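Shown next, in structure tokens, is the structure this report addresses.
Numbering (this note's numbering), first residue to last: 3 to 271.
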């Protein structure tokens, strides 16, 4: 017989995206839409395409993805929005089957005000550098969710992941940077991190702002002894790190403010 699906005793006649629901098989991008498309939207869509290729999910033409995102935004009130575009795998529900098709789900909501600073809880769960899933923005997000909840329950604003060797990775939804003198550090893409779009823009802009970008594998002590640290993503932009694991970080400096203002201007914010 054919496979049947029931939701609260009601038979579902059409459930095409169950692979995304059952297994988290899908990729997504989140970004701020402030009156016009993000300056770096193409970079988001390219990362989505690469993630879909990694999972074997058919990817629609970029023009079609853009059109569907623009349609969703156009049907939504407000000029400063948080947009999330999810590519959902379709196919049979045998777990190892290949996806046959994909659908695009777009959510749009008013963008919440980002905090000026966040304190970081060092998550007890360590990430394996060899896990290639961390380099793709998949719908399988439970590890990040549990870590974020753990941070909030302990009175922190965010959760900081380390790898199995105790080196800095990323937070539950941000990349991490820190400065010492005129050098700007961030974990390399060889670490268990998602190479964020905003992260890439910061690295590209570092030289223009008078900093030497340094990507590598760094112990937590490197972050703790920095002049200042900040977090990045495409919704919040740039957020200062006020403390790590209960230890206070240096107060906001003028050099950080100059960098932040310059980068936000580049984003069109």
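The C-beta atom is built at its ideal place from N, Cα and C for all residues, glycine as well. On a predicted model such as this, the values are computed, not experimentally measured, just so you know.
Inset, instruction - My understanding is that residue 117 touches residue 241, with C-beta atoms under 8 angstroms, so please give their C-beta distance in whole angstroms. - result: 6 angstroms
Inset, instruction - Spell out the partners DSSP gives residue 69 in its beta bridges. - result: DSSP, once it has assigned bridges, lists no residue as partnering residue 69.
Legend entry - Span separating the alpha-carbon of residue 94 from that of residue 13: 17 angstroms
Legend entry - Enclosing alpha helix (DSSP H) for residue 188 [first to last residue]: No alpha helix (DSSP H) contains residue 188, which is instead part of the beta strand (DSSP E) from 185 to 189.
Legend entry - Residue of 244, 27, 190 and 224 minimising C-alpha distance to residue 98: Measuring C-alpha to C-alpha distances from residue 98 to each of 244, 27, 190 and 224 identifies 27 as the nearest.
Inset, instruction - Would you grab the beta carbon distance between residue 234 and residue 204 for me? Rounded to a whole angstrom, and I think it's under 8 angstroms. - result: 6 angstroms
Legend entry - Closest residue to residue 109 among 201, 30 and 10 (Cα-Cα distance): 30
Legend entry - Close-in-space but distant-in-sequence residues of the same chain around residue 220 (CB under 7 angstroms, 5 per side omitted): 169, 170, 187 and 189
Legend entry - Residues that residue 242 bridges to, as DSSP identifies them: According to DSSP, which records beta bridges pairwise, residue 242 is partnered with 119 and 232.
Legend entry - C-alpha distance - residue 80 paired with residue 112, whole-angstrom precision: 7 angstroms
Inset, instruction - Rounded to whole angstroms, what's the CA-CA distance from residue 53 to residue 132? Just pull it up for me. - result: 17 angstroms
Legend entry - Whole-angstrom distance between residue 103 and residue 198, CA atom to CA atom: 26 angstroms
Inset, instruction - Could you tell me the distance, in whole angstroms, from the CA atom of residue 32 to the CA atom of residue 154? - result: 22 angstroms
Legend entry - 8 angstroms Cβ shell around residue 268 - same chain, five flanking residues per side excluded: 41, 203 and 207
Legend entry - Proximity winner among 39, 75, 106 and 46, relative to residue 60 (alpha-carbon distances): 106
Legend entry - Among 196, 217 and 222, nearest to residue 185 - alpha-carbon criterion: 217
Inset, instruction - Would you kindly work out how many angstroms separate the C-alpha atoms of residue 47 and residue 62, rounded to a whole number? - result: Just so you know, the alpha carbons of residue 47 and residue 62 end up roughly 11 angstroms apart.
Legend entry - Contact check, residue 173 vs residue 129, beta carbons under 8 angstroms: no
Legend entry - residue 68 versus 86, 17, 55 and 140, residue with shortest Cα-Cα distance: Restricting attention to 86, 17, 55 and 140, the CA atom closest to the CA of residue 68 is found in 86.
Inset, instruction - Could you tell me which residues DSSP pairs with residue 124 in its beta bridges? - result: 162
Inset, instruction - Thinking residue 138 and residue 56 are a contact (beta carbons under 8 angstroms), I'd like their distance in whole angstroms, please. - result: 5 angstroms
Inset, instruction - Determine the closest residue to residue 45 out of 64, 36, 37 and 38, with distance taken between C-alpha atoms. - result: 64
Legend entry - Beta-carbon proximity of residue 225 to residue 180, cut-off 8 angstroms: Yes; because the gap between Cβ atoms is below 8 angstroms, this pair is in contact.
Legend entry - Assumed close pair residue 243, residue 120 - CB separation to whole angstroms, cut-off 8 angstroms: For residue 243 against residue 120, the beta-carbon gap comes to about 6 angstroms, under 8 angstroms, which counts as contact.
Inset, instruction - Rounded to whole angstroms, what's the CA-CA distance from residue 7 to residue 231? Just pull it up for me. - result: Spanning the two alpha carbons is a distance of roughly 49 angstroms.
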